[in-house]
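Engineer: Mapped onto my numbering, the consecutive letters of the sequence shown carry residue numbers -13 to 267.
Each residue gets a CB set at the ideal place from its N, CA and C atoms; glycine is no exception.
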Amino acid sequence: MDVFALPTVDALLRRALDEDLGAGDITTRLTVPPERRGHADIVAKAPAVIAGLPLVRRIVALTPAQVAVVEHVVDGTRVAPGTALATLAGAAHTLLVIERLSLNLLQHLSGIATLTAEFVEAVAGTACRIVDTRKTLPGLRVLQKYAVRAGGGRNHRLRLDDGILIKNNHITAAGGVGAAVRAARAGAPHGVKVEVECSTHAEVDEALAAGAEIIMLDNMTLEQMRIAVQRIGGRAIVEASGGITLANVRAVAETGVDIISIGALTHSAPAVDIHMRLRLA
């Protein structure tokens, strides 16, 4: 799926442009002659894995001016400080108007891709996969999850209708792990696996007895995870979640879990330092 071609992405970019532009860019209108043309270089100022570069072309397409965009790298590329990512050429007015939105998205999405790549590298050599969560910014989920993929990670469900994930509040409302899993299995669409969150070994046993196909070990210690993996014995896919950091992710992977889900990939990734430098044509 080409996320950049989605109508929802163009709608998001239009809203973002309107939010930033308001009634017009007063500073540019007063200081830059309307006939002035230039080149704008987008450059990484820090090491990064790039994500979101095609958005610059989409943003340009939503403006009335003709601006040429040449991308020098592709998303997923690891770059060093000083690497030119893209060059834009056209009316200086337009280049200045789109600067902040383009950089905001590039910095944010590249931050997600960079952090994801660090987690993926930390578990290299194990069979464990790094995945994201639904802890995303409203309206940006499809782009944030794209950035996770650019960093070498995988996506958990995109929306609530993408899969069955029984969490602690569902368990409380349903009357227990077993009751929740049995009810979900009874009504699950064909081919949809039932996943349930477990915080104790007793809940793991109950989930297995009820036929859960994926078991999420929630905030367990390393020793608790090792024991849970042994108890499950390959009868279900095992996911670890909660309290995962770069310092402990390797140890978590080595407990034998199949998947590690990390909300921080999307909700806490630091932005990458990327800037735009204008040159007159």
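Of all the options Ala34, Pro40 and Gly8, which has the alpha carbon lying nearest to the alpha carbon of Ala(-9)?
Structural biologist: Pro40
Engineer: If contacts are defined as beta-carbon pairs under 8 Å, then Ile192 and Asn154 qualify, I think. What distance do you get, rounded to the angstrom?
Structural biologist: Just to set this straight, residue 192 is Glu in the shown sequence, not Ile. Going by Cβ atoms, the distance from Glu192 to Asn154 rounds to 14 Å, so no, they are not a contact pair.
Engineer: In angstroms with no decimal places, state the Cα-to-Cα distance between Leu81 and Arg145.
Structural biologist: 35 Å
Engineer: Cutting at 7 Å between CB atoms, please list the residues of its own chain near Ile230, excluding the five before and the five after it.
Structural biologist: Val238, Ile246 and Ile248
Engineer: Pro67 and Ala32 look like a contact to me (Cβ under 8 Å); what is the Cβ gap, rounded to whole Å?
Structural biologist: 6 Å
Engineer: Which whole-angstrom value is the C-beta distance of Ile200 and Ala222, which I expect to be below 8 Å?
Structural biologist: 6 Å
Engineer: At what residue ranges does the stretch 48 to 119 contain a whole run of the beta strand (DSSP E), taking only runs of 3 or more?
Structural biologist: With a minimum length of 3 residues, the continuous beta strand (DSSP E) runs that stay inside the stretch 48 to 119 are 53 to 57, 70 to 77 and 115 to 117.
Engineer: What would DSSP say about Glu225, mapped onto helix, strand or coil?
Structural biologist: strand
Engineer: So the candidates are Thr102, Ala136 and His142; which of them puts its Cα closest to the Cα of Ala119?
Structural biologist: One point to set straight first is that residue 119 is Thr, not Ala, in the sequence displayed. With distances taken between Cα atoms, Thr119 lies closest to His142.
Engineer: Count the C-beta pairs between the stretch 104 to 112 and the stretch 62 to 78 that are closer than 8 Å, then say yes if the count reaches three, no if not.
Structural biologist: no
Engineer: Between Thr122, Asp148 and Leu74, which has its C-alpha nearest His94's C-alpha?
Structural biologist: With distances taken between CA atoms, His94 lies nearest to Thr122 out of Thr122, Asp148 and Leu74.
Engineer: May I ask which residues mark the beginning and end of the beta strand (DSSP E) holding Val182?
Structural biologist: Val180 to Cys184
Engineer: Tell me which same chain residues have a C-beta within less than 7 Å of the C-beta of Asp204, skipping the five on either side of it?
Structural biologist: Glu183, Cys184, Ser185, Ser227 and Gly228
Engineer: Count the other CB atoms, across all protein chains shown, that sit within 10 Å of the CB of Ser254; report buried if there are 16 or more and exposed otherwise.
Structural biologist: exposed
Engineer: Report yes or no: do the stretch 211 to 219 and the stretch 94 to 108 share at least 3 C-beta pairs separated by less than 8 Å?
Structural biologist: no
Engineer: What's the C-alpha gap between Ala(-3) and Glu85?
Structural biologist: 18 Å
Engineer: Going residue by residue through the stretch 196 to 221, where are the continuous alpha helix (DSSP H) segments of at least 4 residues, counting only ones entirely within it?
Structural biologist: Positions of the alpha helix (DSSP H) runs, each at least 4 residues long and wholly inside the stretch 196 to 221, are given as 208 to 218 in order along the chain.
Engineer: Tell me where the beta strand (DSSP E) around Arg23 begins and ends.
Structural biologist: Arg23 to Ala30
Engineer: Output yes or no for whether 8 Å exceeds the beta carbon distance between Ser96 and Ala34.
Structural biologist: yes
Engineer: Between which two residues does the alpha helix (DSSP H) carrying Ile157 extend?
Structural biologist: Residues Asn154 to Ala160.
Engineer: Quick one: using the 10 Å Cβ neighbour count with 16 as the cut-off for buried, is Ile12 buried or exposed?
Structural biologist: Looking at its Cβ environment, which holds fewer than 16 other Cβ atoms inside 10 Å, Ile12 is exposed.
Engineer: Cβ of Ala77 within 8 Å of Cβ of Ala51?
Structural biologist: yes
Engineer: Which term fits Gly162, buried or exposed, when burial requires 16 or more other beta carbons within 10 angstroms of its beta carbon?
Structural biologist: Around the CB of Gly162, fewer than 16 other CB atoms lie within 10 Å, so the residue is classed as exposed.
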